[in-house]
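Written below as structure tokens is the structure these notes are about.
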Amino acid sequence: MLSKIKAFWRGVRQLSGDDAYERYLRHHAAHHQADIALSKAAFFKQWQDEKWNSIKRCC
Amino acid sequence: MNKLLKNAVWILIAALGAAAVGGIALNRGESINALWFVTAALCVYAIAYRFYAAWIAATVLVVDETRATPAERLDNGRDFVPTNKWIVFGHHFAAIAGPGPLVGPTLAAQFGYLPGTLWILFGAVLGGCVQDMVTLFLSTRRDAKSLGQMARDELGALGGTAALIGTFAIMIILIAVLGLVVVNAMKHSPWATATVTATIPIAMIVGLYMRSFRPGQVLEASALGVVLLLLSVAGGGWIDENKTLRVWFDQEGLTLAWWVMAYGFAAAIMPVWLLLAPRDYLSTYIKLGTITLLAVAIIMLQPEVKMPAVTQFIDGTGPIFGGKLFPFMFITIACGAISGFHALIASGTTPKLLTNERDIPMLGYGSMMLESFVAMMAMIAATVLDPGVFFAINSPAGVVGKEAVDAVAVISSWGFPVTVEQMQLLANQMGEASLFARTGGAPSLAVGMASIFGSAFGESMLALWYHFAIMFEAIFILTTLDAGTRVGRFMLQDMLGNIWPKMGETSWTPSVVLTSALVVAAWGYFLYIGVIDPNGGVNILWPLFGIANQMLAAIALSVATGILVKSGKLKYAWVTGLPLAWLVTITSAAAWEKITSDNIRIGFFAAANDLADKLAAGVLLPEKAAIAPHLIFNLHLDGWLTLFFVALLWLIVLDMLRVCRRYLTGKPVLPLSESPHSPSRLAEDWVRD
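If you read the protein sequences in the order shown, they are chains E and U. Residue numbers for the first sequence, in my numbering: 3 to 61. Residue numbers for the second sequence, in my numbering: 167 to 855.
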């Protein structure tokens with residue numbers, strides 16, 4: 003039961019983007035170790051700006 | 167044995183579904199329980215998904231689970247990211263579900279519950295779901311390209327340009343009509359206006375919280391926002407009681423239209439983090455929460471549907487919008503059955519997150535089934551009202567008369583009894599001054615939702631439920647409005663950039679201000695005309711939007727059909743070809759009537775000529791004569807716009823047929839732009855659960 007609740011919470015965090023920075027850090031560690039990772043605030047700024055440059059909502 | 171059992175279960179579902187659909191169709195009693203609708207819907211969806219969607223995926227598209235998706239091949243940790251299928255489903259559904267499936271069925275309920283219900287069910291499983299799924303598949307196979315890009319690559323420059331112009335045009339009309347729905351919901355309702363206004367600073371607080379106070383803490387900020395939104399619903403009631411404050415929010419439609427335009431402009435030029443992004447978060451939570459709540463309430467309460475199965479208005483004399491059942495019911499429901507707009511999300515956006523091709527039926531087909539179910543709930547919410555009440559709320563003053571006494575007399579004479587006292591009592595319960603002629607669909611949906619919520623969770627809070635429902639509709643309409651204005655701005659900058667490259671720089675301030683102003687002016691014009699129109703405007707704008715949306719769907723299905731034929735799958739081309747043929751039929755028929763009809767409630771030019779004659783003869787009241795030239799010009803414009811949409815539609819269909827004919831007669835055509843097969847390396851199921 004507890005593991006189900008945890009999985010649900012993980013889903014909610016991922017869906018809302020709450021864990022976007024953690025995912026970015028994991029991706030960064032796996033693929034771009036040579037560069038310095040962005041700070042949380044800087045990453046979030048970029049993430050939000052990019053997200054809203056195309057059609058995201060419809061009728 | 168196991169297989170036998172499975173078959174038996176499916177036969178049972180089929181029988182139950184057939185009984186439910188038959189029950190809805192043949193019922194001629196006083197009322198019918200809403201549970202029949204829910205049962206029919208769930209059975210039809212289950213069967214369509216299990217058999218039709220699975221067959222299309224396996225046989226027509228041949229989805230290949232060993233093939234790497236763009237999300238895997240182009241993974242950059244940002245927009246291309248292999249993602250858990252339920253997360254992708256959430257994103258996709260939140261993106262496609264907008265106010266369309268709520269408003270369309272509410273308006274189409276004037277024909278009775280049956281025609282709309284059948285089209286919502288069968289239009290979705292045979293048309294809308296197929297379109298969404300096939301488009302998602304094709305874009306996934308083409309590095310997540312957009313619909314316009316696919317049209318250009320597969321059919322040629324003509325198809326690509328048509329798709330681009332079509333998208334821009336539908337965006338403008340969509341925003342105008344949605345703006346009109348919000349304006350009509352707020353008109354002379356201080357409570358609704360105050361609550362909707364409060365959503366703007368609330369979104370900004372959430373934006374600042376996420377950006378500066380606690381960067382990236384999305385859920386914390388959203389929880390704060392949702393609490394503030396609920397408080398704003400109650401706060402609106404407090405303002406409504408307060409003599410000095412309420413006058414600020416008790417506004418004419420035209421004033422509110424200017425406010426909405428100013429808001430759209432501000433939202434398009436402000437940084438996204440301040441207003442657009444946080445508002446979107448809030449609207450998504452409220453939307454998903456309210457839809458779930460409505461489903462729970464309908465199942466708990468099992469309300470009786472009081473609207474007749476079919477009303478006399480199928481002959482074209484309906485008060486909400488003029489025109490016969492065929493083709494106008496199909497144009498009106500639009501998004502709940504098939505929506506071209508979804509093709510824009512299914513191409514480009516969602517494929518970038520898709521981990522494995524085998525999830526395509528669930529994402530493309532499944533999410534549209536859910537959208538269709540939302541439309542079904544809107545239909546239920548509209549038809550559980552007393553038909554007399556439903557028509558009193560939705561009929562414009564221009565049709566039934568300005569005075570309450572006249573309106574109830576006209577509506578009762580149609581066979582839908584309603585009294586002034588009944589309407590006044592209802593308005594008092596909902597905390598509104600009056601509910602007569604509150605066109606646009608939002609108020610009647612809110613009354614329907616409030617009565618369902620009220621009966622299920624407590625009658626005493628009807629006014630709160632009503633304004634909660636209005637806030638729910640307004641918040642995501644405004645989200646579509648500001649996001650649409652912004653996207654429109656990008657499209658315009660892109661187009662103008664071809665002429666003057668400097669204009670194409672998305673961060674150059676003069677270009678941002680100019681293009682945003684142009685986009686707002688374009689939809690603002692239609693909104694303005696809609697507001698001053700004595701027939702409520704929805705009558706004009708909604709069919710125009712429906713035609714544009716179905717045209718976009720036809721473009722998506724043309725691209726799909728063309729690609730199927732070019733892939734040597736001619737014998738399966740009917741899967742997208744038949745819905746396409748039907749869409750071309752209804753869109754062309756509707757456009758034809760809108761252009762040529764002599765009936766002034768249907769034909770744009772007929773209405774313009776009639777008004778011009780009356781103006782020349784001097785029989786118009788002075789206030790009407792003053793706006794008549796605007797209305798005449800606008801009716802002409804709408805007529806030409808309809809002609810333009812239908813010409814664009816035929817252009818692309820004929821272009822697709824040309825490409826198919828060339829392919830079938832062995833002449834050279836543009837090659838398939840499918841990206842080459844590369845095997846998936848993702849370990850089985852690593853992101854899937």
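Positions of the beta carbon are idealized from the N, C-alpha and C atoms, including for glycine.
- Residues of the stretch 16-45 of chain E whose Cβ lies closer than 8 Å to any Cβ of chain U, in chain order: Q16, L17, S18, G19, D20, A22, Y23, R25, Y26, H29, H30, H33, K42, A43 and F45.
- Contact annotation: F638 (chain U) and A463 (chain U) have beta-carbon atoms that are not nearer than 8 Å.
- Only exposed fits G624 (chain U), as fewer than 16 other CB atoms lie within 10 angstroms of its CB.
- Counting only residues of its own chain and dropping the five nearest sequence neighbours on each side, A726 (chain U) has a CB closer than 6 Å to the CB of V300 and T742.
- Secondary structure note for T225 (chain U): it is in no alpha helix (DSSP H), with a DSSP letter that is neither H nor E.
- Residue range T675 to I698 is occupied by the alpha helix (DSSP H) that includes Y691 (chain U).
- Around the Cβ of E196 (chain U), a 10 Å sphere holds fewer than 16 other Cβ atoms; the residue is exposed.
- Residue burial annotation: M596 (chain U) is buried, with at least 16 other C-beta atoms found within 10 angstroms of its C-beta.
- Interface annotation, L510 (chain U): in contact with chain E, CB-CB separation under 8 Å.
- Cβ-Cβ distances below 6 Å link L182 (chain U) to C209 in the same chain, with the five nearest sequence neighbours on each side left out; the list follows chain order.
- Think of a sphere of 9 Å around the beta carbon of C501 (chain U): the chain E residues whose beta carbon falls inside it are C60 and C61, in chain order.
- Contacts with chain E (Cβ-Cβ distance below 8 Å) from the stretch 797-809 of chain U involve no residue at all.
- Chain U has no Cβ within less than 8 Å of the Cβ of I7 (chain E).
- When the five nearest sequence neighbours on each side are left out, the beta carbons in the same chain lying within less than 6 Å of the beta carbon of G189 (chain U) are those of W202, in order along the chain.
- At a cut-off of 8 Å between C-beta atoms, A261 (chain U) counts as an interface residue with respect to chain E.
- For the pair F487 (chain U) and G606 (chain U), the Cα-to-Cα distance works out to about 11 Å.
- By the Cβ criterion, the stretch 820-840 of chain U is not in contact with the stretch 225-237 of chain U, since fewer than three pairs of Cβ atoms, one from each stretch, lie closer than 8 Å.
- Spanning the alpha carbons of M466 (chain U) and L460 (chain U) requires a straight line of approximately 10 Å.
- By the Cβ-count criterion, V291 (chain U) is buried, with 16 or more other Cβ atoms from all chains shown falling within 10 Å of its own Cβ.
- Against chain E, the beta carbon of W439 (chain U) has neighbours under 8 Å at K47, Q50 and D51, listed in chain order.
- For R233 (chain U), the beta-bridge partners assigned by DSSP are U:P845.
- DSSP places E569 (chain U) in no alpha helix (DSSP H); its state is neither H nor E.
- In the structure shown, L411 (chain U) adopts helical secondary structure according to DSSP, grouped into three states.
- Taking the Cβ atoms as the reference, Q716 (chain U) lies roughly 7 Å from G506 (chain U), within the contact range of under 8 Å.
- In this structure, DSSP gives T605 (chain U) a state outside helix and strand, which the three-state scheme calls coil.
- By the beta-carbon neighbour count (other beta carbons within 10 angstroms, threshold 16), V565 (chain U) is buried.
- For T458 (chain U), no CB of chain E lies under 8 Å from its own CB, so it is not counted at the interface with that chain.
- Not a single CB atom of chain E sits nearer than 8 Å to the CB of P709 (chain U).
- Non-local beta-carbon contacts of Y375 (chain U) in its own chain, meaning distances under 6 Å to residues more than five positions away in sequence, involve A387 in chain order.
- Under the three-state reduction of DSSP, L520 (chain U) is assigned to strand.
- Look at T742 (chain U) here: in three-state DSSP terms it is helix.
- Only buried fits G293 (chain U), as 16 or more other CB atoms lie within 10 angstroms of its CB.
- Straight-line spacing of the CA atoms in N594 (chain U) and T272 (chain U) works out to 22 Å.
- With contacts defined by Cβ atoms closer than 8 Å, T681 (chain U) and L658 (chain U) form a contacting pair.
- Around K490 (chain U), the same chain offers I480, D481 and G482 as residues with beta carbons nearer than 7 Å, after the five sequence neighbours per side are excluded.
- Shown here is that no member of the stretch 746-763 of chain U has a Cβ falling below 8 Å from a Cβ of chain E.
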